[in-house]
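Engineer: Mapping of the sequence shown onto mature numbering (1 follows the signal peptide of the UniProt record, and there is no 0): residues -19 to -1, 1 to 360, in sequence order. Even for Gly, the Cβ is constructed at its ideal location relative to N, Cα and C. From a predicted model like this one, the values you see are computed outputs, not experimental measurements. The structure under discussion is supplied below as structure tokens; questions concerning it will follow.
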Amino acid sequence: MKKIITCLILIAAVAAAFAANTACAEEEQKLVTAFSAYLTDSKSGRVLYAKDENEKHEIASMVKIMTATLTFEALERGELSLEEEIVVSPEAAGMGGSQMFLDAGESYKAGDLIKGVVIASANDASVALAERISGSHEAFVNKMNARARELGMNNTRFCCATGLPDSGEQYSTAKDVNVMTRELMKHKAYYDYAGIWMEDFVHPSGRTTQLVNTNKLIRNYSGCVGGKTGFTDEAGFCLSACAERKGVRVVATLIGGRDSKTRFAEVSGMFNYAFANFENVKAVTAGEELGSVAVRGGKVKSVPYGSAADVEALLKNGETLPPPELKLPEKLKAPISRGEVIGRAEYSLPGGEKLSVDLVALCDVQKASIWDNIKDIFD
């Protein structure tokens, strides 16, 4: 009788697990109706959802994700300052499309131009910054393409800093846009602008332009920290955005939504899927003792070691982090300093990503004296 009950319990458990996996798969299928989409862990890049992520499409104003990335990189290198005055060229002022209506020949602070790009997707501000950073719009586009190659965005071609459709054969993929979005999100200065919903900008002449954030999720989705929209007839309604809840930080990218409302709804749906099915797990705390290594020529025979940093991973509900492969010497030679790197721990994450962390000595080990060695002989 007990065997029958045990078998029934096992069958029920397997059935429940199968039902949960089936429900999760069905949920994934319903996430997106757009051309393509890509959902990743912001830190590791683990893929949480994908739909035709390598198909090439126009991406409209999501091009400005790279424009903004290069701008913040220039700021961090000291090649540009927020207070610097930039004279707007006639070309920049005449870009058309979404803009902050800059006056040709007027000087604007770089910080204000950045605000126009990040909040209002301003084409005029994008070109003004491009000309300042690289000397010409064309040279800046070359830099955009070079940076894309560095990031591994091999299915992307930029022709302008704005995303306007008459600039040439310009394309990317949901996967590549996701990559550059994660890169942009690394810049702390970006968040000084990304969360602004609406602001009145006063031009040097005294007139006012109202800047309204094109990313409605900043206002309507709890946890959304930034993102970039885009639209042309060819690209459809696009959005690449980042959100964080309870330590889970993800980037969702969508190309080819059928309308603006659906675009925001489907990216919100991808966020909801991530937050419902994944959690950020801390497997190891920095400084926690993990083991010890033998020491040669020291006052003690071994030294304890631990991780130099916290080991965290985004895991799907029910997943566990496999034990790491430890790369340590059989013996260490004294002296050894606390915090000295003595090896590495390499984790293979369930999503296929690799995570590597330094292993460090947790205490000092002094070199043994002659008397210590003599004592060891008699001991």
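1. Note the first and the last residue of the continuous beta strand (DSSP E) segment covering Y89.
2. Give the straight-line distance between the Cα atoms of L145 and S42, rounded to the nearest whole angstrom.
3. Return the chain-ordered ranges of every beta strand (DSSP E) run that is complete within the segment 184 to 244 and spans a minimum of 3 residues.
4. Within this structure, are the beta carbons of A142 and A18 separated by less than 7 Å?
5. Go through its chain and collect everything with a Cβ distance to V346's Cβ below 7 Å, but skip five positions before and after it.
6. Could you check the C-alpha separation between E269 and L330 for me, to the nearest Å?
7. Please name the residue, chosen from A129, C140 and G116, that lies closest to V122 on a Cα-to-Cα basis.
8. On the CB-based measure, 16 or more other CB atoms within 10 Å of its CB, does Q151 come out buried or exposed?
9. How far does the beta strand (DSSP E) with N261 in it extend, from its first residue to its last?
10. Put G279 into one of helix, strand or coil per three-state DSSP.
11. So if DSSP puts F182 in a beta bridge, which residue, or which two residues, is it bridged to?
12. Tell me whether L63 sits in a helix, a strand or coil according to DSSP, three-state version.
13. My assumption, with CB atoms under 8 Å, is that G211 sits in contact with R239. Please give the rounded CB distance.
14. In terms of DSSP beta bridges, what is K297 paired with?
15. Classify A85 as helix, strand or coil using the three-state DSSP reduction.
16. Give the C-beta separation of L309 and V265 to the nearest angstrom, bearing in mind that I take them to be a contact with Cβ-Cβ under 8 Å.
17. Per DSSP, T21 forms a beta bridge with which residues?
18. With DSSP as the reference, label G97 as helix, strand or coil.
19. Under 8 Å, with one C-beta from each stretch per pair, do the segment 190 to 200 and the segment 72 to 91 reach the 3-pair mark?
20. Three-state secondary structure (DSSP) at residue 365?
21. Using a Cβ distance threshold of 8 Å, determine whether the segment 16 to 31 contacts the segment 158 to 171, with at least three qualifying pairs required.
22. Starting from the Cα of R319, find the closest Cα among L340, A326, L336 and R325 and give me that residue.
23. Is there contact between the segment 169 to 185 and the segment 64 to 76, where contact requires at least three CB pairs shorter than 8 Å?
24. What three-state label does DSSP hand G250 in the structure shown?
25. Taking all protein chains shown into account, do 16 or more other C-beta atoms lie within 10 angstroms of the C-beta of P305, making it buried, or fewer, making it exposed?
26. At the level of alpha carbons, what is the spacing between D147 and A170?
27. Whole angstroms are fine: how far does the CA of A246 sit from the CA of E300?
28. Using DSSP's beta-bridge definition, name the partner residues of V68.
29. How would you call K348, buried or exposed, if buried means at least 16 neighbouring beta carbons within 10 angstroms?
30. For a test of the three-state rule: what should DSSP assign to A326, helix, strand or coil?
31. Looking at the secondary structure, which residues open and close the alpha helix (DSSP H) in which L56 lies?
32. Where does L307 fall in DSSP's three states?
33. Apart from the five residues just before and just after G332, which ones in its own chain have a Cβ nearer than 7 Å to its Cβ?
34. Do you know whose CA, among H184, V248, E60 and G204, lies nearest N159's CA?
35. So, is D93 buried or exposed, given that buried needs 16 or more other C-beta atoms within 10 angstroms?
36. Measuring CB atoms only, is the segment 48 to 66 touching the segment 226 to 245, in the sense that at least three cross pairs come out at less than 8 Å?
Structural biologist: Reading from the atomic positions:
1. In the sequence shown, counting from the first residue as 1, residue 89 sits at position 108. From DSSP, the beta strand (DSSP E) with Y89 extends over S88 to K90.
2. Reading the sequence shown from its first residue, position 164 is the one you call residue 145. Reading the sequence shown from its first residue, position 61 is the one you call residue 42. Taking the straight line from one Cα to the other gives about 7 Å.
3. 189 to 193, 205 to 213, 217 to 226 and 229 to 238
4. As a working note, residue 142 is residue 161 in the sequence shown. As a working note, residue 18 is residue 37 in the sequence shown. Their beta carbons are not under 7 Å apart, which means A142 does not touch A18 by this criterion.
5. As a first step, residue 346 must be located in the sequence shown, where it is residue number 365. Taken in chain order, the residues that qualify are V276, G279, K280, V281, V284, A315, P316 and I317.
6. Walking along the sequence shown from the start, residue 269 turns up at place 288. Walking along the sequence shown from the start, residue 330 turns up at place 349. Taking the straight line from one Cα to the other gives about 21 Å.
7. Within the sequence shown, residue 122 is the residue found at index 141, counting from 1. Of the listed residues, the one whose Cα sits closest to V122 is C140.
8. The sequence position of residue 151 within the sequence shown is 170, counting from 1. Result: buried.
9. Position 280 of the sequence shown holds residue 261. Note, N261: beta strand (DSSP E), F259 to V265.
10. Residue mapping note: residue 279 aligns to position 298 of the sequence shown, counting from 1. The three-state reading of DSSP puts G279 in strand, counting E and B together.
11. Your numbering for residue 182 matches position 201 in the sequence shown. T190.
12. In the sequence shown, residue 63 corresponds to position 82, counting from 1. Here L63 sits in coil by DSSP.
13. Residue mapping note: residue 211 aligns to position 230 of the sequence shown, counting from 1. Residue mapping note: residue 239 aligns to position 258 of the sequence shown, counting from 1. That pair is no contact at about 14 Å.
14. One-based indexing of the sequence shown puts residue 297 at position 316. Bridge partners of K297: F259.
15. Working through the sequence shown from its first residue, we reach residue 85 at position 104. It is coil, neither helix nor strand.
16. The count along the sequence shown starts at 1 and reaches residue 309 at position 328. The count along the sequence shown starts at 1 and reaches residue 265 at position 284. Not really, about 15 Å apart at Cβ, beyond 8 Å.
17. For the purposes of this step, residue 21 is taken as residue 40 along the sequence shown, with counting starting at 1. For T21, which the question treats as bridged, DSSP gives the partners V28 and V232.
18. On the sequence shown, position 116 is the one that residue 97 refers to. Three-state result, G97: helix.
19. yes
20. Past the boundaries of the shown model lies residue 365; the chain is included only from -19 to 360, so the question cannot be answered.
21. yes
22. As a first step, residue 319 is located in the sequence shown; it is residue number 338 there, counting from the start. Closest option to R319, Cα to Cα, is L340.
23. No, they do not touch.
24. Position 269 of the sequence shown, counted from the first residue, corresponds to residue 250. In the structure shown, G250 sits in a helix (DSSP, three-state: H, G or I).
25. The residue you call residue 305 lines up with position 324 of the sequence shown. Flag for P305 reads buried.
26. Here residue 147 corresponds to residue number 166 of the sequence shown, with the count starting at 1. Here residue 170 corresponds to residue number 189 of the sequence shown, with the count starting at 1. If you take the alpha carbons of D147 and A170, they lie about 31 Å apart.
27. In the sequence shown, counting from the first residue as 1, residue 300 sits at position 319. In the sequence shown, counting from the first residue as 1, residue 246 sits at position 265. E300 and A246: Cα-Cα distance of roughly 28 Å.
28. Here the question's residue 68 lines up with position 87 in the sequence shown. In DSSP, V68 forms a bridge with S88.
29. Sequence index remark: in the sequence shown, residue 348 carries index 367 (1-based). Per the 10 Å Cβ criterion, exposed.
30. On the sequence shown, residue 326 is found 345 positions in, with the first residue counted as 1. If DSSP states are grouped into helix, strand and coil, A326 belongs with the strands.
31. For this step, residue 56 is matched to residue 75 along the sequence shown. Counting along the chain, the alpha helix (DSSP H) containing L56 begins and ends at K45 to E57.
32. In the sequence shown, residue 307 corresponds to position 326, counting from 1. If DSSP states are grouped into helix, strand and coil, L307 belongs with the strands.
33. In the sequence shown, the residue the question calls residue 332 occupies position 351. Answer for G332: R27 and V28, listed in chain order.
34. Start at 1 with the first residue of the sequence shown, and residue 159 comes out as number 178. When each option's Cα is compared against that of N159, the closest is V248.
35. Mapped onto the sequence shown, residue 93 falls at position 112. With 16 or more Cβ atoms within 10 Å of its Cβ, D93 is classed as buried.
36. no
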